[in-house]
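Worksheet: the structure to be examined is printed underneath.
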Amino acid sequence: MESALEQAPVVSHLNPPPSYLLGDHPIPTGREEIWRFTPLKRLRGILEGEASADHLTWETSLPEGVTLTEISAEQALEIGELAPNDRPSALAAANAGAALLLDVPGDTELTEPVVVRLHGESVDHLVWGRLIVRAGRFSKATVVIAHTGSARYSAITSVLVGDGADLNVLTLQDWDDDAVHLGRDAIRVGRDAHVRHTSVSFGGDLVRMHANVEYAGPGGEAELLGLYFADDGQHLEHRLFADHTAPKTKSNVVYKGALQGQGAHTVWIGNVLIRKVAEGIETYEENRNLVLSDGCQADSVPNLEIETGEIEGAGHASATARFDDEQLFYLRSRGVSEKEARRLVVHGFFNDLIRKIGIPDIEEKLLETVEAELAKNVLKGL
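For the sequence shown, position 126 (counting from the first letter as 1) is numbered 125 according to numbering that gives the first Met the number 0, and the numbering increases by one without interruption.
Below is the structure:
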């Protein structure tokens, strides 16, 4: 059987073949399918790719046995870094030079999360990031990567999940209002391994996150979860690609977002490729958007590419709607005020996904953030 790494590169208008060569990723014009939703002028020079010595400050909480070390670009390739497939991640690999390796040893079961906090001081700073997260065989761990402050930041992150491992990864974009963040999280799932990747975006002027998953052997499972809440003028874009490169693998994508305020714009692009070799797989992708005020725009585009009919199941769903009048009427008819009814509907929309994160402190923080976002617009004046 042809291995995942030996198969031909994916040729897709939504997911270009991976390459470290910048010539393979020209500066976009905005007419390309993968860039048509992104306001390029608001990227503030990131795509031009100028070198920069600026950096984010790092604070870490590393349980015993977990290490964070700097490695060379050559070592990153030897370890199995997943090559970039767009210009921002190729620029990050080229300009960051050395990479950071976050290593969870095999047969390790962590009882507390690994936490990496990255903080920027100013949007005048252009910063390139290159990170590899490696979970050894039969390990079990939770990794939190939180972004705060302000910067123009472009990063490439590889997540390597060993055979039989169970990894929970959360990336939190809680930037100041002027920050710009382009990120690519590429995940390789080992044989009979499980990974849950959650992307949460609340802050920033423009955030564009791309999560990819592929499989290094049969039996791998991937959950790709996401939450986002866009305010006045914010652009929050999430792109997903599940590449079923082995048989009897699973992927489940669930992203939920809310929008409020003039010019708030969210984009969700989901894509699943089921290769000929990927018999007996299961996949489903879902995106739900809740529009809370006038002047917002939510774009949601699910895609399926199927090259074999020997599958267990494949499907997708997408919906964008305003407040459910029936839900509001039901609550109001039982004496609940309009303000509280709207609050309950939004919390109910997000709660099931927030509770899947599995980190109580983060779950409570996200519930508080949802409440703070509602106070800005939906609940104001009620």
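Each residue gets a CB set at the ideal place from its N, CA and C atoms; glycine is no exception. All values reported here derive from a predicted model rather than from experimental measurement.
Where residue i falls: helix, strand or coil (DSSP)
| i | result |
| --- | --- |
| Thr59 | strand |
| Thr282 | strand |
| Pro15 | coil |
| Asn84 | coil |
| Arg41 | helix |
| Asp360 | helix |
| Val65 | coil |
| Glu120 | strand |
| Leu215 | One detail in the question is off: residue 215 reads as Ala in this sequence, not Leu. Coil. |
| Gln233 | coil |
| Asp204 | coil |
| Gln261 | coil |
| Glu1 | Confidence is the limiting factor: at Glu1 the pLDDT is only 47, short of 50, which leaves the residue's position unreliable, though a coordinate-based value still follows. Coil at Glu1, not helix or strand. |
| Glu370 | helix |
| Leu291 | coil |
| Val345 | helix |
| Lys249 | strand |
| Leu365 | helix |
| Ser149 | strand |
| Arg35 | coil |
| Asp177 | coil |
| Glu222 | strand |
| Lys255 | strand |
| Ala95 | helix |
| Gly105 | coil |
| Ser332 | helix |
| Leu125 | strand |
| Ala192 | coil |
| Lys375 | helix |
| Asp298 | strand |
| Leu239 | strand |
Check whether residue i and residue j have beta carbons under 8 angstroms apart
| i | j | result |
| --- | --- | --- |
| Ala185 | Asn211 | yes |
| Gly269 | Thr248 | no |
| Leu109 | Lys255 | no |
| Ser51 | Trp174 | no |
| Ala320 | Arg331 | no |
| Tyr19 | Ala75 | no |
| Leu289 | Phe348 | yes |
| His234 | Tyr227 | no |
| Gly232 | Ser198 | no |
| Glu32 | Leu13 | yes |
| Glu285 | Val253 | yes |
| Asn29 | Arg35 | Reading the sequence as shown, one finds Gly at residue 29 and not Asn. Contact flag set, yes. |
| Asp242 | Glu213 | yes |
| Cys295 | Leu327 | no |
| Val143 | Leu101 | no |
Same chain, Cβ closer than 6 angstroms to residue i, five either side skipped, listed in chain order
| i | result |
| --- | --- |
| Leu130 | Leu99, Thr156 |
| His193 | Asp165, Glu220 |
| Ala371 | none |
| Pro387 | Outside the displayed span of the chain (0 to 381) sits residue 387, for which this structure offers no information. |
| Pro15 | Asn84 |
| His346 | none |
| Glu58 | Arg116 |
| Leu4 | Residue placement at Leu4 is flagged as unreliable, the pLDDT there being 47, under the threshold of 50; a coordinate-derived value is accordingly withheld. |
| Ala318 | Arg287 |
| Leu365 | Ile353 |
| Thr368 | Phe201 |
Spatial neighbours of residue i in its chain, beta-carbon cut-off 7 angstroms, leaving aside the 5 residues before and after
| i | result |
| --- | --- |
| Leu61 | Leu67, Val113 |
| Glu354 | Rather than Glu, the amino acid found at residue 354 in this sequence is Arg. Around Arg354: Glu362. |
| Thr37 | Arg207, Glu236 |
CB contact check: residue i to chain B, cutoff 8 angstroms
| i | result |
| --- | --- |
| Leu239 | Absent here is chain B; the protein component of the structure consists of one chain. |
Option in the options with minimal Cα separation from residue i
| i | options | result |
| --- | --- | --- |
| Gly202 | Glu213, Gly216, Arg187, Leu181 | Leu181 |
| His209 | Ala92, Pro359, Ser88, Glu337 | Ser88 |
| His54 | Glu77, Leu81, Ala72, Gly96 | Gly96 |
| Pro104 | Leu159, Ala91, Glu73, Trp57 | Leu159 |
| Glu69 | Val132, Ile273, Ile26 | Val132 |
| Ala140 | Leu117, Ser153, Leu169 | Leu169 |
| Leu303 | Gly260, Asn251, Asn350 | Asn251 |
| Asn374 | Asp230, Leu239, Glu325, Arg274 | Checking the sequence shown, residue 374 turns out to be Ala, not Asn. That would be Asp230, whose Cα lies nearest to the Cα of Ala374. |
| Asp42 | Pro17, Leu81, Arg116, Leu125 | Looking at the sequence provided, one finds Leu at residue 42 rather than Asp. If we check each option's Cα against that of Leu42, Leu125 comes out closest. |
| Tyr152 | Gly48, Ala134, Val199 | Gly48 |
| Gly397 | Val179, Ala178, Val188, Asp176 | Here the chain covers residues 0 to 381 and nothing more, so residue 397 does not appear. |
| Gly308 | Cys295, Gly334, Arg274 | Arg274 |
| Thr107 | Ser336, Glu63, Gly79 | Glu63 |
| Asp293 | Ile310, Gly314, Glu311, Gln261 | Gln261 |
| Arg342 | Phe322, Ile358, Val179, Asp23 | Phe322 |
Contact set for residue i: own chain, Cβ-Cβ below 8 angstroms, skip 5 residues either direction
| i | result |
| --- | --- |
| Pro25 | Arg86 |
| Pro17 | Pro8, Leu81, Ala82, Pro83, Asn84 |
| Leu46 | Ile26, Pro27, Leu39, Arg86, Pro87, Leu90 |
| Gly161 | Gly105, Arg133, Ala134, Gly135, Arg136, Phe137, Ser138, Gly189, Ala192 |
| Leu21 | Gly48, Arg86, Ala89, Leu90, Ala93 |
Meets three-Cβ-pair contact criterion under 8 angstroms: the stretch 118 to 134 and the stretch 142 to 158
Because the criterion of three Cβ pairs below 8 angstroms is met, the stretch 118 to 134 and the stretch 142 to 158 touch.
I'd like to know if the stretch 259 to 269 and the stretch 295 to 306 are in contact, where contact means that at least 3 CB-CB pairs between them fall below 8 angstroms.
yes
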